[in-house]
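Asker: Here it is, the structure, as structure tokens.
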């Protein structure tokens, strides 16, 4: 069996969390800069997200958001070609690995740096923590189908973030270049069909990017 990372398509949906106290989305306001936000009530969280954060964080969140949420329904943030069999879909760093303290580039309102960690039990959950271990934020990747061909993204904020321009109420900060979605596929090969007649010593499977050499325990 061989596995490899594949490219993922952004749908054009966004996930924008407004830090103000009320929910801001297309159903709650028509104000410019607020109606295109994606705030959602914590009571509408996926069960996996709600259950895990209730264990990890003792405090209540300030706000949360769901990708493409307009007050009624959300939209996938990423999609994958339906002709590809997807084995896993996870939040990772740029190398496709679990996050283990990467600097998010964001600060709390008090000026503390926020570092990103993949949750030890839920690989689709990334936590933003301070040096002292306080959870400031969370990002959750939620597949929308069993075949993992699309996924929504949920964000949760527990502490206000620092914004460079305090006079701009809608100034945005983000995780661009810090947080990635990695998809992995798995394919099989029939070695008996792939091996040419008379090839008794070994079989080579794959291509010039990745390959597997299969030999017997005691090749001739």
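Numbering (the numbering used here), first residue to last: -17 to 202. In this text, a Cβ means the ideal position worked out from N, Cα and C, and glycines have one as well.
Which residues in the same chain have their Cβ closer than 7 Å to the Cβ of residue -3, if we skip the five residues on either side of it in sequence?
Answerer: Excluding residues within five positions, the ones whose Cβ falls inside 7 Å are 20, 47, 48, 49, 59, 135, 137.
Asker: Checking the sheet assignment: what are the DSSP bridge partners for residue 124?
Answerer: 134.
Asker: Find the nearest neighbour of residue 128 within the set 69, 5, 45, judged by alpha-carbon distance.
Answerer: Among 69, 5, 45, the Cα nearest to that of residue 128 belongs to 69.
Asker: Sort out for me which residues DSSP pairs residue 51 with in a bridge.
Answerer: Paired residues: none, contrary to the question.
Asker: Pull the bridge partners of residue 111 from the DSSP assignment, please.
Answerer: Answer by DSSP bridge pairing, in chain order: 97, 117.
Asker: With 16 other CB atoms within 10 Å as the buried threshold, where does residue 56 fall?
Answerer: With 16 or more Cβ atoms within 10 Å of its Cβ, residue 56 is classed as buried.
Asker: Would you check if there are 3 or more beta carbon pairs closer than 8 Å linking the region 27 to 34 to the region 61 to 81?
Answerer: With a cut-off of 8 Å, the region 61 to 81 and the region 27 to 34 do not count as touching, because too few Cβ pairs lie within range.
Asker: In whole angstroms, what separates the C-alpha of residue 65 from that of residue 94?
Answerer: Looking at the two C-alpha atoms, the distance is approximately 44 Å.
Asker: Whole angstroms are fine: how far does the CA of residue 1 sit from the CA of residue 145?
Answerer: C-alpha separation (whole angstroms): 11 Å.
Asker: Output needed for residue 83: all residues of its chain with C-beta closer than 8 Å, excluding positions within five of it in sequence on either side, in chain order.
Answerer: Hits under 8 Å: 97, 98, 99.
Asker: Between residue -6 and residue 43, what straight-line distance do the alpha-carbon atoms span, to the nearest angstrom?
Answerer: Cα-Cα distance, rounded: 27 Å.
Asker: Among 5, 18, 38, 16, which residue has its Cα nearest to the Cα of residue 25?
Answerer: It is 5.
Asker: I think residue 88 touches residue 155, with their Cβ atoms under 8 Å apart; what is that distance to the nearest whole Å?
Answerer: Indeed, because the Cβ distance is near 6 Å, the residues count as touching under 8 Å.
Asker: Exposed or buried, which one is residue 3 when buried takes at least 16 other CB atoms within 10 Å?
Answerer: By the 10 Å Cβ count, residue 3 comes out exposed.
Asker: Residue 46 by DSSP, collapsed to three states: which one?
Answerer: In this structure, residue 46 counts as strand in the three-state DSSP scheme.
Asker: Locate the alpha helix (DSSP H) running through residue 36, then write down its first and last residues.
Answerer: Segment 29 to 38, the alpha helix (DSSP H) holding residue 36.
Asker: Just to check my reading of the structure: residue -1 and residue 139 have Cβ atoms closer than 8 Å, yes? What is that Cβ distance to the nearest angstrom?
Answerer: About 6 Å separates the two Cβ atoms, so the contact holds.
Asker: The beta strand (DSSP E) spanning residue 84 covers which residue range?
Answerer: Start and end: 82 to 89.
Asker: Cα separation between residue 11 and residue 17?
Answerer: Those two C-alpha atoms are separated by around 5 Å.
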